[in-house]
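Here's the structure, in structure tokens; my notes come after.
Residue numbers (the working numbering): 428 to 627.
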């Protein structure tokens, strides 16, 4: 049980954009040579808009009883945080789109917005797995980069699939989702990122 919690924590959806950035900057493509000043700016924008701002809203929502817990384990607790995350991601997309040489990273942020909107709509009726949507997107990013840039990321892709399997098992072990919610979450996250990145 504790191991499942650790895995779920390490693979939290909020951390996926940062993992994605690391993988992009180590993808054996021209992006490996991105100037360090630009790398820092991109990391800062992504961290603020995908982690810091969404997390900082939770105590306020909790104080007004708009969520019952910080882990958002109840379906109804997800609606407002997801809506606020869409706004925060949109800010990140705007900032990245204005930053020279960061088109791919703006597209990553856009994929996050699309995913969040679909998760928000789905969560109105059904408790889809946010964790699996996040790691599904990460798997899709690696796969798509391998196809678009003709670079061998097979080992990285296989490791991401293994991590997704571990995460799926952990979420089931913690009794947070059904297997269907796990599968659909992964497919949604994978499909959105794949479709966002596969076209030039």
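Note that the Cβ used here is the ideal one computed from N, Cα and C, for glycine as well.
Note that this is a predicted model, so its numbers are computed, not measured.
Using the beta-carbon count (16 or more within 10 Å), is residue 558 buried or exposed?
That one is buried.
Report the option in 597, 575, 566 and 474 whose CA atom is closest to the CA atom of residue 523.
The option with the nearest alpha carbon to residue 523 is 474.
Cβ shell of residue 488 (< 7 Å), same chain only, five flanking positions each side left out
Cβ contact annotation for residue 488 (same chain, cutoff 7 Å, sequence separation greater than five): 494, 507 and 508, in chain order.
So, for residue 477: in the same chain, excluding its five sequence neighbours on each side, which residues have a beta-carbon less than 6 Å away from its beta-carbon?
Sequence-distant Cβ neighbours of residue 477 in its own chain, meaning closer than 6 Å and more than five residues away, are 444.
Along the alpha helix (DSSP H) that carries residue 591, what are the first and last residues, could you check?
Following the DSSP letters along the chain, one finds residue 591 inside the alpha helix (DSSP H) bounded by residues 581-600.
Nearest neighbour of residue 470, chosen from 551, 529 and 482 [CA to CA]:
In terms of Cα proximity to residue 470, the closest of 551, 529 and 482 is 529.
Where residue 582 and residue 617 are concerned, what is the direct C-alpha to C-alpha distance, given to the nearest angstrom?
Looking at the backbone, the Cα of residue 582 and that of residue 617 are separated by about 18 Å.
Quick check: what's the CA-CA separation for residue 598 versus residue 431?
Their Cα atoms are separated by approximately 7 Å.
Which runs of the alpha helix (DSSP H) fall wholly inside the stretch 495-540 and span at least 4 residues, in chain order?
Correct list: 506-524.
Taking residue 556 as the reference, which of 499, 456 and 458 has the closest Cα?
The residue with the shortest Cα to Cα distance from residue 556 is 499.
Can you tell me whether residue 516 is buried or exposed, with buried defined as 16 or more other CB within 10 angstroms of its CB?
Buried, because 16 or more other Cβ atoms sit within 10 Å of the Cβ of residue 516.
Minimum C-alpha distance to residue 452 - residue among 574, 502, 440 and 465
Its Cα nearest to that of residue 452, the residue 465 stands out among 574, 502, 440 and 465.
Is the beta carbon of residue 662 sitting closer than 9 Å to the one on residue 595?
Examination of residue 662 is not possible in this model, given that the chain is present from 428 through 627 alone.
Would you report the Cα separation of residue 491 and residue 480, rounded to the nearest angstrom?
In a straight line, the C-alpha of residue 491 is about 18 Å away from that of residue 480.
Can you tell me whether DSSP reads residue 432 as helix, strand or coil?
The answer is helix: DSSP assigns residue 432 an H, G or I state.
C-alpha distance - residue 482 paired with residue 626, whole-angstrom precision
Straight-line Cα distance between these residues: approximately 32 Å.
Just reading off the alpha helix (DSSP H) that residue 447 is part of, what are its end residues?
Residue 447: member of the alpha helix (DSSP H) spanning 443-451, first to last residue.
Which class does residue 576 belong to by DSSP, given the choice of helix, strand or coil?
Residue state, collapsed to three classes: coil.
Can the beta-carbon of residue 565 be found less than 9 Å from the beta-carbon of residue 619?
Not in contact: residue 565 and residue 619 (Cβ atoms no closer than 9 Å).
Give every residue of the same chain whose Cβ lies closer than 7 Å to the Cβ of residue 468, excluding the five residues on either side of it in the sequence, and list them in chain order.
Same-chain partners within the cutoff: 526.
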